[in-house]
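Quick note on numbering: the first sequence equals residues 1495 to 1996 in my numbering. Below is one structure, written out as structure tokens; comments come after it.
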Amino acid sequence: MIEEIGERKEPATGLPDLEVGEGEKVVLRFAPNPNGPATIGSVRGIVVNAEYARRHGGEFVLRFDDTDPKTKPPMLEAYVWYLDDCEYLGAVPDLVVYASDHIPKYYEYAEKLIMLGKAYVCFCKRDEFKRYKDAGEACPHRDADVGTNLECWKCMLNRAYAEGEAVLRIKTDITHRDPALRDWAAFRIVETPHPRPEIGDRFCVWPLLDFESAIEDHLLGITHIIRGKDLMDSELRQRYVYDYLGWQYPKTMHWGRMKIHEFGKFSTSAISRAIADGTYTGWDDPRVPTLRALRRRGISSEAIRKFMIDLGVGETDISLSLDTLYAINRKIIDPVSNRYFFVWDPVAVEIRDAARMVATPKQHPDRDDLREIPAGSRVFLCGEDAGSLTSGDRLRLKNLYDIEIVDMELPTPTVKRIGTAAQEWCTIEEKPRYRIIHWVPDMPDEYLRVVVRAPDQVYEGFGEAGIASELGNTVQFERFGFVRIDSVDVRNRSVVAYFAHR
RNA sequence: GCUCCGAUAGUGUAGCUCGGCCAAUCAUGCGGGGCUCUCAAUCCCGUGACUCGGGUUCAAAUCCCGAUCGGAGCACCA
């Protein structure tokens, strides 16, 4: 009854519906080359594919497409990092597959295709073949008979040829109007050993992505492939193999190129170089677009997931700012992040007529528990605040008392206390009349040295002592922003925090 | 050069499959205001888009054609 009026679709929440057959069990996969940790781009692949699997009660496979020991060799730690990152994202794979474990299987199918007359061993030099291909002409090896090809293939496997001497090509249509589809390479010879010790130098003939992925997707029963549109042509190439073998290609969806303002263009190998030359401190440097960096900064997995899902899977190229991610994250962490004072570029200030007392700001504005900050006759102010003050200015030290600037000149900037204690003011419901700034006591054992590593710069200053108890937590430094307390050195009374966002 | 995609406000996104309910959704950003002992959060209010040109139609963001712009592929990388 009410239903017929509500025919309109639910306000879609990002992801378009998947085309799923009656009673079909969906299987999706994310297939990275573990030549570095998951970047923001990989995160999209993990989140979206896992989300579809979840929505349809299907399976999510994590497959390491680690079949390039030479150009972009896998990094052993990255295998572990990917697993860990998937877990963080709530996308624990139902199955984890290593392509490098299946090389013999790929050989089987290669042989099958050779027998079918659909693959041939090509001895052309790279540019030589390119000339034939661009002209739409068959190379001299294309028409070799099955027996010859089989024999040459065996020679390849038996290390009879050197690297670069021979490749196995899939026969498509050498006159195809799209040059990208003409007789593509499926296997090449690589003499560099594979980084995985269990693989090492066992193989010298390695499959290329199009072949490896085509076979794997079929064997794993992948029903839907969702990935970036840079792999759109891959589908067209792989369909030849599927047709020859009588298989049915999975349904596909592609998203457009993703560019992030804050990071510019990035590639795993470029980051790798920058880490090697010391530009970045590591794969979780706050300036780097990896999931590990975002995690370290305190960006929650819920925020990342929602952000990625909201993007949907449009084929439009997008250029986005992380502001939206930060806004989502802020809503999540704000209610659970305790507040602290942190002054950057600190300036020590002498207070005349200082009352020795304890300020008791709330731990969080929504709650009533208080933290305690003893104050003596000296405090640290933010350099930014101090720099803007001139003699005669009046302001409120947050949760303490009001002061008037006597003289901000170095070496001893001086202020004097005016009025009564703020705590008393509060009880008489009097609002502060002046600008409010935060502060940190300049008393032994009552402050910590704090370093905040942010994407744009490193901030150094002092923070209140209570920060030491927040190791691993996200907190808000008032008037500064949200940070995650990354390490606490009790003996040296120092803390390192990673900046999340304002 | 050849081929394939795409084009909704500053940014991202919904709507496009099956033209009318779209003087176009939501989020973020931005502007203004309320609240607040944080420049945060929160609450109000506001801002702003169908790339252009033709065609089909009673009716087009939605269909067709062309142009323009953007992206991708044409690797013995993934």
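A virtual CB, placed ideally from N, CA and C, is assigned to each residue, including glycine. It should be emphasised that the depicted structure is a prediction, and the values quoted were computed from it without experimental measurement.
Item: Three-state secondary structure assigned by DSSP to Ala-1848; Value: coil
Item: Assigned secondary structure, Asn-1643 (DSSP; H/G/I helix, E/B strand, else coil); Value: helix
Item: Cβ pair count under 8 Å reaching 3, the stretch 1661 to 1672 against the stretch 1572 to 1588; Value: no
Item: Status (buried if at least 16 other CB within 10 Å, exposed otherwise) for Pro-1634; Value: exposed
Item: Cα-Cα separation, Ile-1803 to Leu-1607; Value: 39 Å
Item: Nearest to Leu-1819 (by Cα), restricted to the options Val-1830, Leu-1788, Asp-1578, Pro-1528; Value: Leu-1788
Item: Contained beta strand (DSSP E) runs [length at least 3] in the stretch 1736 to 1788, N- to C-terminal order; Value: 1745 to 1749, 1752 to 1754
Item: Burial state of Ala-1859, where buried means 16 or more other Cβ atoms lie within 10 Å; Value: What sits at residue 1859 in the sequence shown is Pro, not Ala. Pro-1859 comes out exposed.
Item: For Pro-1587, the three-state DSSP class (helix, strand or coil); Value: coil
Item: Cβ distance (whole Å) where Glu-1513 is taken to contact Lys-1745 below 8 Å; Value: 5 Å
Item: Option nearest Arg-1985 by Cα separation, candidates Val-1945, Glu-1954, Asp-1939; Value: Asp-1939
Item: Closest by C-alpha distance to Asp-1863, when choosing among Arg-1833, Gly-1535, Ala-1770; Value: Arg-1833
Item: Lys-1753 classed as buried or exposed, judged by whether at least 16 other C-beta atoms fall within 10 angstroms; Value: exposed
Item: Candidates Arg-1538, Asp-1511, Phe-1554, Val-1541, of which the one nearest Leu-1522 by Cα; Value: Phe-1554
Item: Alpha-carbon to alpha-carbon, Arg-1549 and Lys-1519; Value: 11 Å
Item: Range covered by the beta strand (DSSP E) that runs through Leu-1805; Value: Unbroken run through Leu-1805 is the alpha helix (DSSP H), 1795 to 1805; no beta strand (DSSP E).
Item: Exposed unless 16 or more other CB atoms sit within 10 angstroms - verdict on Glu-1657; Value: exposed
Item: Three-state secondary structure (DSSP) of Thr-1908; Value: strand
Item: For Val-1900 and Lys-1910, believed in contact at Cβ under 8 Å, the rounded distance; Value: 6 Å
Item: Spatially closest choice to His-1688 from Leu-1889, Lys-1624, Pro-1528, Arg-1846, by CA coordinates; Value: Pro-1528
Item: Sub-8 Å separation of Leu-1556 and Tyr-1576 beta-carbons; Value: yes
Item: Extent of the continuous beta strand (DSSP E) run through Gly-1485; Value: Outside the displayed range of the chain (1495 to 1996) lies residue 1485, so it cannot be described from this structure.
Item: Residue nearest to Met-1902 in terms of C-alpha spacing, selected from Phe-1558, Asp-1896, Leu-1883; Value: Leu-1883
Item: Distance CB(Val-1837)-CB(Phe-1705) smaller than 8 Å; Value: no
Item: Contact under 8 Å by Cβ, Glu-1710 with Ala-1593; Value: yes
Item: Coil, strand or helix - Arg-1987 by DSSP; Value: coil
Item: Asp-1828 versus Ile-1979: straight-line alpha-carbon distance, rounded; Value: 15 Å
Item: Simplified DSSP state of Gly-1658, which is helix, strand or coil; Value: coil
Item: Assigned secondary structure, Lys-1648 (DSSP; H/G/I helix, E/B strand, else coil); Value: helix
Item: Nearest-angstrom Cα separation, counted from Leu-1894 out to Arg-1927; Value: 13 Å
Item: Lys-1665 beta carbon less than 8 Å from that of Ala-1613; Value: yes
Item: Simplified DSSP assignment, three categories, for Phe-1617; Value: coil
Item: Classification of Met-1726 by the beta-carbon crowding that lies within 10 angstroms, buried from 16 upward; Value: exposed
Item: For Glu-1898, the first and last residue of its enclosing beta strand (DSSP E); Value: 1895 to 1901
Item: N- and C-terminal bounds of the beta strand (DSSP E) containing Ala-1679; Value: 1679 to 1683
Item: Residues bridged to Phe-1558 (per DSSP); Value: Tyr-1592
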